[in-house]
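**Student:** Numbering (this note's numbering), first residue to last: 376 to 984. In this text, a Cβ means the ideal position worked out from N, Cα and C, and glycines have one as well. These numbers come from a predicted model, not from an experiment. This structure is in structure tokens; I'll ask about it shortly.
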Ligand code: ATP
Ligand code: MG
């Protein structure tokens, strides 16, 4: 391809809309253009990158025996109603774009394809003899993200590879899950990415085990917690750890475990309370009031007790609340703080916010207009493990010192609701500490089990002749996010440094001065020779100054550059490696074979990685 024909428009300055390096560079180098919030045009250069990534994905998945298919993006609401996900995906913080057709039938634009594929599998897969099957597609997905940002990282329309496997039993599902894990590692390494596998929360997709693949990068939205020995790594949403030991409360339980009242004027914040009275935050129990909203309209107040030095993990809380309420009230739509204003709107008497203890009675909810009249009471295990503690007295400007569970109020159900933190000790080895790093989630694999097949009645006849629901796995890769993640990991001050395997072109031939006949002639000749040798080559044949063309070549990030300049008359060119900046003078007659050797080495290196 000739740069003069590429409609290349590069930008000298960082566009105001971009915050992170990869987003800035993709815009500046003419790979993408923003069309609307979270909506991007993939320009021809990026489309080549996406095609190369897709080709690697196809090769590796085909090698596992998976079959490529293409499913509709317009999906009838009825399928999602049967799986029970329609309300959760369309109401509240739901991310599915949905619409009505001319007959008034509701449809959704596919954010994911479990429903469609499970219905098909139920139709087509009748006997254990047909199993296992693994189907995948590479396709545009639609998600009305709450905060689209960072360009292709979190788009509202993006390209995903999604695969779904079907099995006669769990052991077979686990085998395919392991094979996909291996295929994913090969895909990311072949794309030139440093990616790590971490334990993950299964989120709205559901199911049991799940693992994410994270490209490590400062700009990543996810926090990874990992042990130094490499034996444990998890997304913070999911991570577990040993909490720090609590400092015992001097004097222990008081007033038979009811605790003594202590005047604490305006000391509603834990730090203020602790510094005023010499308490350690781990000697306190803090109480959070929240409100969970469900599909059936139910609004359930939550009273969550945590040890004062711990933070709530909202994902763990949402999972715990769903597990307890969803059978009766349907999908959990969202959980938000229960505020004084909301309580007043409900017609409740004032609640002593900032001075609440775990013994706050359900009586405070009496008269609520639309909320359930009872708290769902949950506690983190660090709070229930305290023998005596300091907590709010449920009256303004007062705390209780030396309260204990049982006497004060029954201990709530004890769960893991705390956010693991960097520096925490690890479960598998308390000598190990969790270390934090940031990651971009490029892939996610799940063992779904029979959640969707049971809901959509996708059954098969097993060897014993009985009908049972299919076992399922599902496996995603964010193809367009991956392209940008590669830039996030591979760039420098001058621009992008694409890994060769996914670069739009492998080499750019830059003719320094197209007005110079020997340069033009040699440049064209090399361009033709590279093409004939099957190398993806770009020819910068523009009448621009050489400096401009070199700057653009750096910005575009083509891995190899051949400069045809003054040496052309003597049959000399310069070969430059973009990432390392290494340059060497090479006789034009040898540059093809040298380049081929470099490309060969790069391929071999990646395949053995
Ligand atoms: P996230 O937690 O980042 O919102 P997710 O867990 O909802 O992602 P999955 O349902 O697991 O995403 O989708 C599979 C893959 O698709 C993700 O691993 C990610 O790489 C990619 N992906 C998800 N949402 C987006 C998006 N809005 N824009 C670009 N890629 C996305
Ligand atoms: Mg995910």
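What alpha helix (DSSP H) runs, 4 residues minimum, are completely inside the segment 893 to 967?
**Tutor:** Runs of the alpha helix (DSSP H) inside the segment 893 to 967: 921 to 931.
**Student:** Less than 9 Å between the beta carbons of residue 752 and residue 727, yes or no?
**Tutor:** It is not a contact, given that the beta carbons lie outside the stated cut-off.
**Student:** Based on the DSSP secondary-structure assignment, which residues constitute the bridge partners of residue 773?
**Tutor:** Looking at the DSSP assignment, residue 773 forms a beta bridge with 638.
**Student:** Does the Cβ of residue 793 have 16 or more other Cβ atoms within 10 Å, making it buried, or fewer, making it exposed?
**Tutor:** With 16 or more other Cβ atoms within 10 Å, it is buried.
**Student:** For the segment 889 to 909 against the segment 929 to 947, are there 3 or more C-beta pairs whose distance is under 8 Å?
**Tutor:** Verdict: yes, contact present.
**Student:** What are the boundary residues of the beta strand (DSSP E) that includes residue 395?
**Tutor:** Residue 395 -> no beta strand (DSSP E), and no H or E assigned at all.
**Student:** With residue 702 as the anchor, note down where its alpha helix (DSSP H) starts and where it stops.
**Tutor:** Note, residue 702: alpha helix (DSSP H), 689 to 704.
**Student:** Note the first and the last residue of the continuous alpha helix (DSSP H) segment covering residue 1011.
**Tutor:** Outside the shown range of the chain (376 to 984) lies residue 1011, about which nothing can therefore be said.
**Student:** Starting from the C-beta of residue 989, find all residues in its chain whose C-beta is less than 6 Å away, skip the five residues before and the five after it, and write them out in chain order.
**Tutor:** Absent from the structure is residue 989, since the part of the chain shown begins at 376 and ends at 984.
**Student:** Indicate whether the contact test is met: 3 or more Cβ pairs, each with one atom in the segment 612 to 623 and one in the segment 756 to 775, closer than 8 Å.
**Tutor:** Yes: at least three Cβ pairs fall under 8 Å.
**Student:** Measure the CB-CB distance between residue 827 and residue 537 and report whether it falls below 9 Å.
**Tutor:** No.
**Student:** Give me the Cα-Cα distance between residue 441 and residue 542, rounded to the nearest whole angstrom.
**Tutor:** If I take the Cα positions, the gap works out to 13 Å.
**Student:** According to DSSP, which residues form a beta bridge with residue 819?
**Tutor:** Paired residues: 587 and 851.
**Student:** Tell me the rounded alpha-carbon separation between residue 694 and residue 825.
**Tutor:** Going from the Cα of residue 694 to the Cα of residue 825 covers about 18 Å.
**Student:** Is it the case that the CB of residue 555 approaches a heavy atom of the ligand ATP more closely than 8 Å?
**Tutor:** Not so, every heavy atom of the ligand ATP lies at least 8 Å from the Cβ.
**Student:** What number of angstroms, rounded off, separates the C-alpha of residue 927 from the C-alpha of residue 385?
**Tutor:** Distance between the alpha carbons of residue 927 and residue 385: 7 Å.
**Student:** Considering just the uninterrupted stretch of the alpha helix (DSSP H) at residue 456, what are its terminal residues?
**Tutor:** From DSSP, the alpha helix (DSSP H) with residue 456 extends over 452 to 458.
**Student:** Is it the case that the CB of residue 851 approaches a heavy atom of the ligand MG more closely than 8 Å?
**Tutor:** Yes, the beta carbon of residue 851 sits closer than 8 Å to at least one heavy atom of the ligand MG.
**Student:** Per DSSP, what kind of secondary structure is residue 528 in: helix, strand or coil?
**Tutor:** Residue state, collapsed to three classes: helix.
**Student:** Should residue 474 go down as buried or exposed, given a rule of 16 or more other Cβ atoms within 10 Å for buried?
**Tutor:** Looking at its Cβ environment, which holds fewer than 16 other Cβ atoms inside 10 Å, residue 474 is exposed.
**Student:** Between residue 817 and the ligand ATP, is the CB less than 8 Å from at least one heavy atom?
**Tutor:** Within the cutoff, so yes.
**Student:** Quick check on DSSP: helix, strand or coil for residue 611?
**Tutor:** It is coil, neither helix nor strand.
**Student:** What does residue 533 pair with, by DSSP beta-bridge criteria?
**Tutor:** Answer is 516, bridged to residue 533.
**Student:** Which residue marks the beginning of the beta strand (DSSP E) containing residue 571, and which one marks its end?
**Tutor:** 570 to 574 is the extent of the beta strand (DSSP E) around residue 571.
**Student:** Using C-beta distances below 8 Å, list every residue in its chain close to residue 466, excluding the 5 sequence neighbours before and after it, in chain order.
**Tutor:** Excluding sequence neighbours, residue 466 sits near 670 and 708.
**Student:** Buried or exposed: where does residue 803 fall if 16 or more other Cβ atoms within 10 Å of its Cβ makes it buried?
**Tutor:** Exposed: under 16 other Cβ atoms inside 10 Å.
**Student:** Closest to residue 755 by C-alpha separation, out of 679, 387 and 818, would be which residue?
**Tutor:** Out of 679, 387 and 818, 679 has the C-alpha closest to the C-alpha of residue 755.
**Student:** Span of the alpha helix (DSSP H) holding residue 428?
**Tutor:** Element bounds for residue 428: 419 to 438.
**Student:** Please classify residue 382: is it buried, with 16 or more other beta-carbons within 10 angstroms of its beta-carbon, or exposed?
**Tutor:** Result: exposed.
**Student:** Drop a sphere of 10 angstroms on the beta-carbon of residue 345, count the other beta-carbons inside from all chains shown, and report buried for 16 or more, exposed for fewer.
**Tutor:** Any property of residue 345 remains undetermined from this structure, which presents the chain solely from 376 to 984.
**Student:** Taking only heavy atoms of the ligand MG into account, decide whether any of them is closer than 8 Å to the Cβ of residue 575.
**Tutor:** Yes, the beta carbon of residue 575 sits closer than 8 Å to at least one heavy atom of the ligand MG.
**Student:** Could you name the residues of the same chain whose beta carbon sits closer than 7 Å to that of residue 632, not counting the 5 residues immediately before and after it, in chain order?
**Tutor:** Cβ within range, chain order: 778, 779, 781, 782 and 783.
**Student:** What are the partner residues of residue 969, as DSSP defines its beta bridges?
**Tutor:** Note: residue 969 sits in no beta bridge, so no partner.
**Student:** Pair every Cβ in the segment 661 to 677 with every Cβ in the segment 688 to 703, then say whether three or more of these pairs are closer than 8 Å.
**Tutor:** Short answer: they touch.
**Student:** Where does residue 739 fall in DSSP's three states?
**Tutor:** Note: residue 739 maps to helix in three-state DSSP.
**Student:** Once you ignore the five residues that flank residue 468 on each side, which residues in its own chain have a CB closer than 8 Å to its CB?
**Tutor:** Taken in chain order, the residues that qualify are 521, 708 and 709.
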